[in-house]
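S.K.: Quick note on numbering: the sequence shown equals residues 2 to 109 in the numbering used here. Quick reminder that beta carbons are idealized off the backbone N, C-alpha and C, glycines included. Note that the coordinates shown come from a computational prediction; the quantities given were computed from them, not determined experimentally. Encoded as structure tokens, here's the structure I'll be asking about.
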Amino acid sequence: MKSFNNAFELLTDDIKEVENYTMRSNMMNAIVDLIKAKDWTQKEAAEHLGVSQPRISNLRNGKISKFSVDMLMGMLAKLGFTFEFNYTSQKQADIDMSMTVSTEEGCI
């Protein structure tokens, strides 16, 4: 029986797709957590993020296919976040890729 390190490995064998799903999921979770922390309604969140209320509903319901990395980065940027990326060669046995998302207050 095959074991998986990441739930997204059930969807695809392509490591690039797994990394993309993982990145989008992490970004979506960060945005949802911030919306909850600010106690915003979906309408308020939509206004602050410059999207429609149904987009916030999709976000809160984990509809990952509805969001690109670019869109999520834009939403995080509107919340005052900056991005720093680190990559390691794909020729290594284990691919090492990380992304730090932070605000002036600190990292999440």
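1. Would you tell me roughly how many angstroms separate the C-alpha atoms of L80 and D14, rounded to the nearest one?
2. Given that a residue counts as buried once 16 or more other Cβ atoms are within 10 Å of its Cβ, and exposed if not, what is I57?
3. What is the DSSP secondary structure of T42, reduced to helix, strand or coil?
4. Rounded to the nearest angstrom, what separates T83 and V33 at their Cα positions?
5. Around the Cβ of A46, are there at least 16 other Cβ atoms within 10 angstroms (buried) or fewer (exposed)?
6. So V70 and M24 are in contact, right, with Cβ under 8 Å, and what is the actual spacing, rounded?
7. By a C-beta neighbour count over all protein chains shown, 10 Å radius and 16 as the cutoff for buried, is C108 buried or exposed?
8. Can you name the residues that DSSP bridges to T23?
M.R.: Checking against the coordinates, here is how it stands:
1. 34 Å
2. buried
3. coil
4. 17 Å
5. buried
6. 6 Å
7. With a pLDDT of 45 at C108, under the threshold of 50, the modelled position of this residue cannot be trusted; read the value that follows with caution. Classification for C108: exposed.
8. Partner(s): none; T23 has no beta bridge.
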